[in-house]
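**Q** Numbering (the numbering used here), first residue to last: 297 to 933.
In this text, a Cβ means the ideal position worked out from N, Cα and C, and glycines have one as well.
This is the structure I want to talk about, given as structure tokens.
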Amino acid sequence: MGQTVRLTTAQALIKFLNQQYISFDGEETPFVEGVFTVFGHGNVLGIGQALEQDPGHLKVFQGKNEQGMAHSAIAYAKEKLRRSIYAVTASSGPGSANLVTAAATALANNLPVLLLPADTFASRQPDPVLQQFEQEYSFAVTTNDALKPVSRYWDRITRPEQLMSSLLRAFEVLTDPARSGPATICICQDTEGEAFDYDEGFFRKRVHYMDRLQPSERELDAAAQLIRASRKPLLLVGGGAKYSGAREELIAFSQAYNIPLVETHAGKSTVEYTFANHLGGTGVLGTSAANAAAREADLVIGIGTRYTDFTTSSKTAFDFDKTSFLNINVSRMQTYKLEGLSVVADAKASIAALHERLGGYESEFGARIAELKSAWDAERNRLGGISFEREGFDPEIKGHFAQETLNEYADALGTELAQTTALIAINEAVSPDSIVISSAGSLPGDLQRLWNVKVPNTYHLEYGYSCMGYEVAGALGARLAKPDREVYAIVGDGSFLMLHSELVTALQTGNKINIMLFDNSGFGCINNLQMGNGGGSFQCEFRDHRGAIMNIDYAKIAEGYGAKVYRANTAEEVQAAIEDAKRQDVSTLIEMKVLPKTMSEGYDNWWNVGVAEVSGSEAVQAAYARRAEMLKTAKQY
């Protein structure tokens with residue numbers, strides 16, 4: 297054993313974090329950028345003391361809500377393509393419980409974040425301590441056990457020396473492209489302050505190599521043979537392709553063999569929409585062009601995708617009688633989906649290697665790609681110019697409100713602005729290299745269809761978990777990752793009410809974000825779902841105890857925090873507000889009152905949701921019958 301250094305468990309933790317580096321394509325950078333914290337009695341005297349004494353290069357940010365700050369950390373990792381992270385520390389009890397939702401968000405999206413929740417006393421001497429509950433079957437159970445199922449790695453530290461093996465294991469997981477996700481290390485609050493003679497070798501510089509996993513010759517031969525046998529292959533670009541940095545390879549591959557390219561929510565902006573063969577998002581939230589190409593394809597080349605229900609339209613998007621699948625993914629589990637040919641390898645390396653084997657091949661899509669794209673562009677232009685009418689207005693959504701209800705909303709909110717019109721106006725007004733963020737509600741659908749990306753890696757949609765309240769916190773994380781970019785959180789009033797506390801953190805730290813608040817006074821997306829499946833409008837509108845539509849002044853809330861605010865209810869006002877916001881140094885909020893039922897509707901898609909099999913409503917009975925009919929054509933596994 298070499299030289300030792302006497303440190304508390306918390307001090308050893310911070311010293312270790314400062315020495316972690318990552319190497320990707322030969323570029324070596326520090327892996328841990330900093331720490332988000334809300335201090336409490338469980339961590340302020342341990343981790344708090346260590347950070348105050350010597351944070352090293354770590355930046356320390358004071359969060360306002362544990363879930364919010366963890367979402368900021370997750371968004372940071374996503375924007376950095378998983379090559380840099382923040383740690384997050386919270387006190388025991390409610391503070392740690394607030395991390396559960398964020399951990400699930402990270403797990404669903406395969407995003408690395410180090411969670412450091414405080415725990416109860418290892419000694420148990422003062423039990424039960426403040427914020428500790430008691431389970432009769434085991435006093436070892438604490439709040440942090442709730443983090444087990446939503447962590448890729450989980451451990452509890454009850455002795456100082458346990459920290460060493462635990463951290464090594466956690467960072468192995470955090471830096472593994474195939475299994476990246478939240479690593480949770482719970483540290484008992486008395487243990488945080490206990491000292492140990494740590495081996496100085498533990499604190500040496502450690503470089504974690506993210507080498508590209510190369511496809512085998514067998515995999516490449518089989519994949520090339522499958523592509524050559526196809527007439528109409530389709531490139532389905534997922535988040536794995538973005539993290540791999542496969543843009544140039546995808547463009548070259550698509551151009552060489554005239555193969556259309558479509559994208560998932562996580563994969564959007566890997567390749568910009570201005571690329572000629574790019575047909576947009578596919579599935580439930582897809583464009584008419586992408587979904588038509590998916591229907592015609594006889595081979596789907598899935599690159600770094602999980603094939604979620606929104607990507608596959610609940611396994612009805614493809615003609616499974618004729619369509620085969622070629623799945624390229626660093627996760628072996630993902631490559632087995634839809635009975636595809638499995639290529640367990642890096643996306644960029646795989647596409648480049650396949651390109652070399654397909655000389656002379658060309659798909660039969662021909663001019664069909666340009667035809668589909670042109671038709672979709674015309675439809676998008678139509679959606680950008682929708683204007684409200686007091687009589688006969690048809691927002692083209694199933695189960696939409698009666699005209700009198702839409703008129704009521706227009707009067708109550710003082711607006712005639714359609715959601716699609718507002719969103720396209722924003723797309724045209726922001727700088728092309730701006731980062732746009734969203735997560736939940738109807739806005740992800742409109743963004744997936746209507747937001748045209750001109751610069752790669754500028755679109756940030758959390759749709760693995762579709763967590764309401766992610767948007768504002770995520771904007772802060774993206775700004776920390778890209779401090780030279782304007783960042784826009786596209787958020788509905790429902791999500792804003794769920795969680796927007798990190799706006800205060802953004803203002804406090806001088807990290808400017810822009811919040812584009814779409815207020816339709818309700819949970820509009822779910823209202824569409826219930827009405828589109830035979831239900832009435834029940835508990836999804838924001839009405840007061842007298843039944844009146846609520847008109848909340850969200851701009852005043854943000855103004856009270858110290859943000860620069862705008863109120864914009866026409867496309868022209870929205871664009872003028874954006875131009876002025878660009879000149880501001882402080883965070884901004886642009887409040888837009890938009891009419892419900894003016895979001896875009898689906899294009900040749902279906903989403904399998906639970907519908908009541910027994911109901912006295914004929915509309916619900918009809919919805920159940922439609923679902924039963926669709927299930928006849930859906931792939932069942």
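Quick one: residues in its chain with C-beta nearer than 6 Å to the C-beta of glutamate 430, no 5 flanking neighbours on either side, listed in chain order?
**A** The residues are Pro424.
**Q** Can we say the region 403-419 touches the region 464-483, given the rule of at least three CB pairs closer than 8 Å?
**A** In short, these stretches touch, since the Cβ pair count reaches three.
**Q** Can you grab the Cα-Cα spacing for the pair threonine 607 / glycine 598, in whole Å?
**A** Cα-Cα distance, rounded: 11 Å.
**Q** Are the beta-carbon atoms of alanine 398 and alanine 442 separated by less than 8 Å?
**A** Contact: no.
**Q** For serine 863, collect the residues of the same chain with a Cβ closer than 7 Å to its Cβ; drop the 5 residues on either side in sequence, then sort them by chain order.
**A** The question names serine, but residue 863 in the sequence shown is arginine. Result list for arginine 863: Ala851, Glu887, in chain order.
**Q** CB-CB under 7 Å to glutamate 612, same chain, minus the five flanking residues each way: which ones, in chain order?
**A** Here residue 612 is threonine; the residue named in the question, glutamate, does not match the sequence. The residues are Trp902, Met926, Thr929, Ala930.
**Q** Which of the three DSSP states is assigned to glutamate 545 in this structure?
**A** Three-state DSSP puts glutamate 545 in a helix.
**Q** May I ask you to report which of helix, strand or coil DSSP gives arginine 863?
**A** Strand.
**Q** Compare the C-beta of valine 732 with all C-beta atoms of chain C and state if any pair is closer than 8 Å.
**A** No chain C is present in this structure, which holds just one protein chain.
**Q** Could you have a look at arginine 923 and say whether DSSP puts it in helix, strand or coil?
**A** Looking at arginine 923 - three-state DSSP - the assignment turns out to be helix.
**Q** Alanine 725 and glutamate 488: beta carbons closer than 8 Å?
**A** No, these two residues do not count as a Cβ contact at 8 Å.
**Q** Cutting at 8 Å between CB atoms, please list the residues of its own chain near lysine 618, excluding the five before and the five after it.
**A** Correct list, in chain order: Asp594.
**Q** Please name the residue, chosen from Glu687, Leu395, Ser627, that lies closest to glutamine 699 on a Cα-to-Cα basis.
**A** Among Glu687, Leu395, Ser627, the Cα nearest to that of glutamine 699 is on Glu687.
**Q** State the Cα-Cα distance for the pair tyrosine 539 and alanine 519, rounded to the nearest angstrom.
**A** Cα to Cα, tyrosine 539 sits roughly 22 Å from alanine 519.
**Q** Compare the C-alpha of serine 419 against each of Ile453, Pro408, Pro390 and name the closest.
**A** Closest by alpha carbon: Ile453.
**Q** Give me the Cα-Cα distance between asparagine 865 and glutamate 685, rounded to the nearest whole angstrom.
**A** Between asparagine 865 and glutamate 685, the C-alpha separation is close to 15 Å.
**Q** For the pair the region 333-349 and the region 301-316, tell me if three or more CB-CB distances fall below 8 Å.
**A** Contact between the region 333-349 and the region 301-316 is present, because at least three Cβ pairs lie under 8 Å.
**Q** Counting beta carbon pairs with one atom in the region 507-527 and one in the region 632-652, are three or more of them shorter than 8 Å?
**A** Result yes; three or more Cβ-Cβ pairs closer than 8 Å.
**Q** Which two residues bound the contiguous beta strand (DSSP E) that contains cysteine 482?
**A** Run containing cysteine 482: 478-484, per the beta strand (DSSP E) assignment.
**Q** Ordered along the chain, which non-local residues of its own chain (more than five positions away) have a Cβ less than 8 Å from that of lysine 694?
**A** Since pLDDT at lysine 694 reaches only 47, below the 50 mark, its modelled position is unreliable, and the value read off the structure follows with that caveat. Result list for lysine 694: Asn824, Met827, Gly828, Glu897, in chain order.
**Q** Taking the Cβ atom as the reference point for each residue, do valine 882 and alanine 859 lie within a distance shorter than 8 Å?
**A** It is a contact, given that the beta carbons lie within the stated cut-off.
**Q** Give the DSSP bridge partners of lysine 878, in chain order.
**A** In the DSSP output, where bridge partners are listed per residue, lysine 878 has none listed.
**Q** Using 8 Å as the threshold, is the region 731-751 in touch with the region 708-721, meaning 3 or more CB pairs across them?
**A** At 8 Å Cβ cutoff, the stretches touch.
**Q** Taking the C-alpha atoms as reference points, what is the distance between glycine 765 and glycine 338?
**A** Their Cα atoms are separated by approximately 26 Å.
**Q** Give me the DSSP bridge partner(s) of isoleucine 786.
**A** BP columns for isoleucine 786 point to Met812.
**Q** Quick one: is glutamate 914 buried, meaning 16 or more other Cβ sit within 10 Å of its Cβ, or exposed?
**A** Classification of glutamate 914: exposed, given that the 10 Å Cβ count is below 16.
**Q** Mark histidine 841 as exposed unless 16 or more other C-beta atoms lie within 10 angstroms of its C-beta, in which case mark it buried.
**A** Per the 10 Å Cβ criterion, exposed.
**Q** Using 10 angstroms around the beta-carbon of threonine 300, count the other beta-carbons present and answer buried if the total reaches 16, otherwise exposed.
**A** So threonine 300 ends up on the exposed side.
**Q** Could you check which residue in Glu675, Lys669, Leu885 has the C-alpha nearest to that of glutamate 767?
**A** Selected option, being the one with the closest Cα: Leu885.
**Q** To the nearest whole angstrom, what separates the beta carbons of asparagine 816 and aspartate 789, a pair I think is in contact under 8 Å?
**A** Contact flag correct, Cβ pair sits at about 7 Å.
**Q** Below 8 Å between beta carbons: does that hold for tyrosine 761 and alanine 404?
**A** Going by C-beta atoms, tyrosine 761 is nearer than 8 Å to alanine 404.
**Q** Using three-state DSSP, classify serine 896 as helix, strand or coil.
**A** Reduced to three states, the DSSP call for serine 896 is coil.
**Q** Could you tell me whether the region 657-670 touches the region 573-593, where touching means 3 or more Cβ pairs closer than 8 Å?
**A** Counting Cβ pairs under 8 Å, three or more are found: they touch.
**Q** Looking only at C-alpha atoms, which of Ile370, Leu650, Val437, Val626 sits nearest to leucine 772?
**A** Per the Cα distances, Ile370.
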